[in-house]
Ligand code: PMP
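The structure is reproduced here in structure tokens:
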């Protein structure tokens, strides 16, 4: 991914894509002092940009560092990067980390570095193809207790769990993996939140040990506008037997129907279809 044309915003200015490098003694690499964001660009505009910029700053604060830019400055930098790369439909990856000034667990005075990259990434699923649904396995590694890990931060270190689970899912022929939390309750997929339809109601786990995704919050609003009853609660895996529909939400996933999780199966239906359509209209407003 490092050898291509384009520009990356790096510590305040746009640099050539190939020149956006860092030293091997970067604290963020050795000790996981790194946070990131994932945004989607629709028609040249990053959806919910301010929310993502704010979450990046908050993610850093949770890890104990202050990103040296305001949300407004990050918004402007993102827009400049999108424009410089001529992105119409794409993805944005802001990332912030402790630099290479100090080596050791403590690195209080290391410099906080920030970069923003973007690339073309159309959402190429037709609604019909998407409605087939994807298959998830049951993940081996669980979401940790919020007193064990900074679960409300989009911290790079937490993605070690997601990557291990996703790799296992892919090698076993699944598209993604459903993680339970340390209590054994349903939590989320490796990069997306999860919803189920029980009867005519939409249920989703309470986000007390994983990200309350920006897409999750958007879809909850859309469901409420449709008059669909929304319930946030603890969901046990065996309850999935009674759910009729299931879908994932996330910046990259958008609204993705699920047809199978381990031994449970679902039929993507009317509620999922409505929310896909409402979400697609909203992001392109
Ligand atoms: N959970 C995880 C682990 C994620 O990586 C993401 C994607 N950022 C989400 C949930 C969904 O968050 P959002 O809707 O803000 O993209």
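In this note's numbering, the protein residues as written are 215 to 499. Here a beta-carbon is modelled for each residue, glycine too, at the ideal position from N, C-alpha and C.
task: Would you check if there are 3 or more beta carbon pairs closer than 8 angstroms linking the stretch 298 to 305 to the stretch 317 to 337?
output: Counting C-beta pairs with one atom in each stretch, the stretch 298 to 305 and the stretch 317 to 337 have three or more that are closer than 8 angstroms, which means they touch.
query: Which residues are close to the ligand PMP, meaning CB closer than 7 angstroms to any heavy atom, in chain order?
result: Any residue whose Cβ sits closer than 7 angstroms to a heavy atom of the ligand PMP makes the list: 252, 368, 376, 402, 404, 405, 406, 407, 424, 425, 427, 428, 429, 430, 463, 464, 465, 466.
message: DSSP three-state label for residue 199, please.
response: The structure shown does not extend to residue 199, since the chain is modelled only from 215 to 499, so the question has no answer here.
Any beta strand (DSSP E) of 3 or more consecutive residues that is wholly inside the stretch 298 to 334: Whole beta strand (DSSP E) segments, 3+ residues: 304 to 312, 326 to 334.
query: First and last residue of the beta strand (DSSP E) that includes residue 230?
result: Run containing residue 230: 227 to 230, per the beta strand (DSSP E) assignment.
message: Please classify residue 238 as buried or exposed, where buried requires at least 16 neighbouring CB atoms within 10 angstroms.
response: Using a 10 angstroms sphere on the CB of residue 238, the tally of other CB atoms stays under 16, which defines it as exposed.
field: Whether residue 493 touches residue 433 by CB criterion (8 angstroms)
entry: Yes, the Cβ-Cβ distance between residue 493 and residue 433 is below 8 angstroms.
- prompt: Where do the ends of the beta strand (DSSP E) carrying residue 417 lie?
  reply: Going by DSSP, residue 417 is part of the beta strand (DSSP E) stretching over 415 to 419.
task: Measure the alpha-carbon distance for residue 262 versus residue 296 and round it to whole angstroms.
output: Straight-line measurement puts the Cα of residue 296 at about 14 angstroms from the Cα of residue 262.
task: Indicate the three-state DSSP secondary structure (helix, strand or coil) for residue 458 in the structure shown.
output: In the structure shown, residue 458 sits in coil (DSSP, three-state: anything other than H, G, I, E or B).
field: Nearest-angstrom beta carbon gap, residue 310 and residue 222 [assumed within contact, 8 angstroms]
entry: About 14 angstroms; that fails the 8 angstroms criterion.
field: For residue 468: DSSP bridge partner residues
entry: Bridge partners of residue 468: 464.
- prompt: Are residue 409 and residue 463 closer than 8 angstroms when you measure CB to CB?
  reply: Yes. Within cutoff.
field: Alpha carbon of residue 426 to alpha carbon of residue 276, nearest angstrom
entry: If I take the Cα positions, the gap works out to 15 angstroms.
- prompt: In the structure shown, what three-state DSSP assignment does residue 372 receive?
  reply: Helix at residue 372.
- request: Express the C-alpha separation of residue 474 and residue 402 in angstroms, rounding to a whole number.
  value: C-alpha separation (whole angstroms): 14 angstroms.
message: As a quick exercise: from 316, 227, 252, pick the residue whose alpha carbon is nearest that of residue 406.
response: Residue 252 is the option with its Cα nearest to residue 406.
Residue 403 - containing alpha helix (DSSP H), residue span: Counting along the chain, residue 403 falls outside any alpha helix (DSSP H), though it belongs to the beta strand (DSSP E) covering 400 to 403.
- prompt: Which word fits residue 242, buried or exposed, when buried means at least 16 other C-beta atoms lie within 10 angstroms of its C-beta?
  reply: With a threshold of 16 other beta carbon atoms within 10 Å, residue 242 meets it and is buried.
query: Should residue 299 go down as buried or exposed, given a rule of 16 or more other Cβ atoms within 10 Å for buried?
result: With 16 or more other Cβ atoms within 10 Å, it is buried.
task: Could you check what DSSP says for residue 449 in three-state terms: helix, strand or coil?
output: If DSSP states are grouped into helix, strand and coil, residue 449 belongs with coil.
message: Between which residues of its own chain and residue 460 is the CB-CB distance below 6 angstroms, once the five residues before and five after are set aside?
response: For residue 460, where only same-chain residues beyond five positions count, the Cβ hits under 6 angstroms are 410, 472, 480.
query: In its own chain, which residues sit with a C-beta less than 7 angstroms from the C-beta of residue 356, not counting the 5 before and 5 after it?
result: For residue 356, where only same-chain residues beyond five positions count, the Cβ hits under 7 angstroms are 393, 394, 395, 396.
- prompt: Would a check of beta-carbon distances place residue 494 closer than 8 angstroms to chain B?
  reply: Judged by its chain identifiers, the structure shown contains no chain B, having just a single protein chain.
message: Using C-beta distances below 7 angstroms, list every residue in its chain close to residue 250, excluding the 5 sequence neighbours before and after it, in chain order.
response: These residues qualify, in order along the chain: 307, 308, 309, 368, 370.
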